[in-house]
Every structure is written in structure tokens, then in C-alpha cells.
Amino acid sequence: MASLEKLNFITGNKNKLAEVKAILGTVIDVENQAVDLPEIQGTIEEIAREKCRRAAEVVGGPVLTEDTALEFHALKGLPGPYIKSFLDALGHEGLNKLLDSFETRAAEAVCTFAFSSGPGSDPILFQGRTEVGLSVNSTYPVRG
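Numbering-wise, our numbering comes out as the position in the sequence shown, counting from 1, plus 17.
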């Protein structure tokens with residue numbers, strides 16, 4: 018495999034870009050492209066793979082993508098990869114109200130990075146999971 022000199026991180030989020038540059042910026046030139054990609058339905062992994070594949074096709078080179086999911090145990094894993102859609106529809110207050118009738122607000126936050134070396138290359142996934150939660154009486158908003 019040839020060495021990688023430049024990597025396109027596909028995001029419109031300047032905070033995510035700053036984090037990736039802080040981690041990888043001394044090793045590789047991280048460039049940014051905000052690419053409008055259709056949102057597909059599926060598992061966290063299916064969504065991450067397809068987003069990365071499509072981004073590599075659009076960019077025509079190596080890409081890194083990131084997807085965040087939040088799986089509430091009381092909601093049997095929802096909203097999962099659809100946290101942004103839930104927040105857009107319900108807002109922080111609405112999501113908190115949805116959880117009010119449950120004993121727990123425990124959840125698993127999932128961060129999935131996908132890397133593709135270019136068009137036609139199968140993406141490689143890197144995933145981290147951590148338990149999170151809010152107390153039933155919490156006034157802190159759920160964040161996506």
C-alpha cells in the first residue's frame with residue numbers, strides 16, 4: 018500500500034475537524050470537504066460504510082468519515098444513528114420528555130470512523146463505545 022500524504026475528512030462540523038487535525042495533523046495533511054451525501058437507513062456500521070464509500074467516489078481519493086449514535090437502553094437502542102433526526106424533530110426538551118417515563122436514561126454513545134483509501138476500496142471501520150446517562154431528575158439536555 019502506498020503511503021498516504023493527504024486525507025480528506027468529510028465533515029461540515031468545524032469542531033470535529035479541529036479534533037481530527039489535532040490527532041492526525043502531525044502525521045498527515047488533513048484536508049476538509051463538506052460533501053452532501055444522502056442519508057441511508059440501516060445499522061450504525063452499514064450507514065458508516067456506505068457514507069464512506071460514497072464520499073470516496075465523490076472526492077476521488079482517500080477519505081475519513083465519522084458518525085455518532087446514541088442508544089438509550091430504555092428505548093431499546095433508539096435513536097441510535099438517527100440521533101440528529103430525533104433532535105431536529107423533538108429538540109433536547111422533547112427527547113428528555115420522551116425519557117421521563119423511564120427509570121433510567123442510561124445509554125451507549127457510539128462513535129464510528131470509516132476510512133477508505135479511494136473509490137472502489139472497502140471502508141475500514143473504527144468504533145468506540147462508552148456508557149453514558151442522565152439522572153431521571155436531570156435538567157441537562159441530551160446532546161447529539
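We put the beta carbon where it would ideally sit given N, CA and C, even for glycine.
Asked: Cβ-Cβ separation, Ala123 to Leu87 (assumed contact under 8 Å), whole Å; Found: Contact doesn't hold; Cβ gap of about 11 Å is too wide.
Asked: Rounded C-alpha distance that separates Leu104 from Gly29; Found: 18 Å
Asked: Beta-carbon proximity of Leu107 to Leu116, cut-off 8 Å; Found: no
Asked: Cβ-Cβ separation, Ser133 to Val75 (assumed contact under 8 Å), whole Å; Found: Between Ser133 and Val75 the Cβ distance is about 11 Å, and since that is not below 8 Å, they are no contact.
Asked: Cut-off 6 Å between Cβ atoms - residues of its own chain near Phe89, not counting five sequence neighbours on either side; Found: Ala124
Asked: Of the residues Glu63, Ile57, Glu83, Thr60, the one placed nearest Asn25, counting alpha carbons only; Found: Glu83
Asked: Reduced DSSP category for His109 - H, G, I as helix; E, B as strand; rest coil; Found: helix
Asked: Where Gly161 falls: helix, strand or coil (DSSP); Found: With a pLDDT of only 46 at Gly161, under the threshold of 50, the placement of this residue in the model should not be trusted; the figure read from the coordinates follows. If DSSP states are grouped into helix, strand and coil, Gly161 belongs with coil.
Asked: Pair within 8 Å by beta-carbon distance, Thr129 and Gln144; Found: yes
Asked: Entirely enclosed alpha helix (DSSP H) segments - the stretch 69–120, minimum 4 residues; Found: 100–116
Asked: Distance, Gly111 Cα to Ala39 Cα; Found: 34 Å
Asked: Contacting residues, own chain, Cβ-Cβ under 8 Å from Asp46 (five flanking each side not counted); Found: Glu22, Lys23, Leu24
Asked: C-alpha distance - Asp139 paired with Lys68, whole-angstrom precision; Found: 11 Å
Asked: Distance between Phe119 and Ile141 (C-alpha atoms, nearest Å); Found: 37 Å
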